[in-house]
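Trainee: In our numbering, the protein residues as written are 7 to 240.
1) Could you check what DSSP says for residue 160 in three-state terms: helix, strand or coil?
2) Please identify the residue among 143, 191, 103 and 48 whose C-alpha is closest to the C-alpha of residue 223.
3) If I follow the unbroken alpha helix (DSSP H) through residue 26, where does it start and stop?
4) Check whether the region 150–161 and the region 191–202 touch, using three or more Cβ-Cβ pairs below 8 Å as the test.
5) Determine the extent of the alpha helix (DSSP H) in which residue 111 is found, giving its start and end residues.
6) For the ligand COA, is there a heavy atom less than 6 Å away from the beta-carbon of residue 62?
7) Assign residue 189 to one of three DSSP states: helix, strand, or coil.
8) Are the beta-carbon atoms belonging to residue 149 and residue 30 less than 7 Å from one another?
9) Classify residue 25: buried if its beta carbon has 16 or more other beta carbons within 10 angstroms, exposed otherwise.
10) Beta-carbon within less than 6 Å of residue 231's beta-carbon, same chain only, minus the 5 sequence neighbours each way: which residues are those?
11) Leaving out the 5 sequence neighbours to the left and right, which residues in its chain are closer than 6 Å to residue 95 when beta-carbon positions are compared?
12) Could you check how far apart the C-beta atoms of residue 138 and residue 125 are, in whole angstroms? I think they sit under 8 Å.
13) When you compare the CB of residue 189 with every CB in chain B, is at least one pair closer than 7 Å?
14) Select from 154, 100, 38 and 115 the residue whose C-alpha is nearest the C-alpha of residue 131.
15) Identify whether residue 104 lies in helix, strand or coil by the three-state DSSP scheme.
16) Please name the residue in 34, 45, 48 and 47 whose C-alpha comes closest to that of residue 60.
17) So what's residue 208 in DSSP terms, helix, strand or just coil?
18) Enumerate in chain order the residues of its own chain whose CB-to-CB distance from residue 237 is below 7 Å, with the five nearest sequence positions on each side excluded.
19) Helix, strand or coil for residue 57 per DSSP?
20) Please state the DSSP three-state secondary structure of residue 46.
21) What first and last residue would you give for the alpha helix (DSSP H) that runs through residue 122?
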């Protein structure tokens, strides 16, 4: 292996571990918020183990926290809408990962925002694979460990709203969204969706405003508004 390729592999390894450590911190907030929304510690941990997509998990427990068991359908729909993006990631990552059926199943489990972003940031095929697997595994292990810690802490603390942990979902979404607002079209979608959700929240059941806000993104995407507007590219 040449020095350049070895350096690229080491860079992918460092980036993957760093992203894994940073992302794991969200797990504490998720665990505490999930317990506050009515899930027990076991249900919270199983959710992180099987669902393993932070945005969808926060959406699910956030809606449950607002509306309780009666909002279950809306919570599931909100989580599913956010999870659809992983399908697009999977199509992009398939040629990067390669391998047989078992490897593809494992890769599908680890195809998330972070593993996709780190992989595609690399300069060659080998380092892209390294970035994907290292990031995915690091996030998976860290996220599940910190979910357990957060659930235990939340169970001990009781009402997590007294500590401001009920705002964790919104803070996590903002942290994920902010780096992507580099072009006019994503900014327009974010602003339009926020206006729709905020205006409908007082009059609709929990979860429904989020689902309807997604219509903004669909409409903008279908008609491709703002994509060719002056200043659309940063």
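For each residue, glycine too, the CB sits at the ideal point set by N, CA and C. Fair warning: this is a prediction, and the values are worked out from it, not measured in the lab.
Mentor: Taking the definition as stated:
1) Helix.
2) The candidate whose alpha carbon is nearest that of residue 223 is 191.
3) Looking at the DSSP string, the run of the alpha helix (DSSP H) that includes residue 26 is 9–42.
4) Judged by Cβ distances under 8 Å, the region 150–161 makes no contact with the region 191–202, as fewer than three pairs qualify.
5) Looking at the DSSP string, the run of the alpha helix (DSSP H) that includes residue 111 is 107–116.
6) Ligands in the displayed structure: none, and consequently the ligand COA is not present.
7) Note: residue 189 maps to coil in three-state DSSP.
8) Contact: yes.
9) Buried is the call here.
10) Taken in chain order, the list of residues that qualify is empty.
11) Around residue 95, the same chain offers 117 and 122 as residues with beta carbons nearer than 6 Å, after the five sequence neighbours per side are excluded.
12) The beta carbons of residue 138 and residue 125 sit about 4 Å from each other, so the pair counts as a contact at 8 Å.
13) Included in the structure is just one protein chain, with no chain B present.
14) For the residues 154, 100, 38 and 115, the minimum Cα distance to residue 131 belongs to 100.
15) It is coil, neither helix nor strand.
16) The shortest Cα separation from residue 60 among 34, 45, 48 and 47 belongs to 34.
17) In this structure, residue 208 counts as coil in the three-state DSSP scheme.
18) Legend: pLDDT at residue 237 = 44, less than 50; position of this residue unreliable, value from coordinates given subsequently. These residues qualify, in order along the chain: 190.
19) It is coil, neither helix nor strand.
20) The three-state reading of DSSP puts residue 46 in coil, since its state is none of H, G, I, E or B.
21) Note, residue 122: alpha helix (DSSP H), 119–126.
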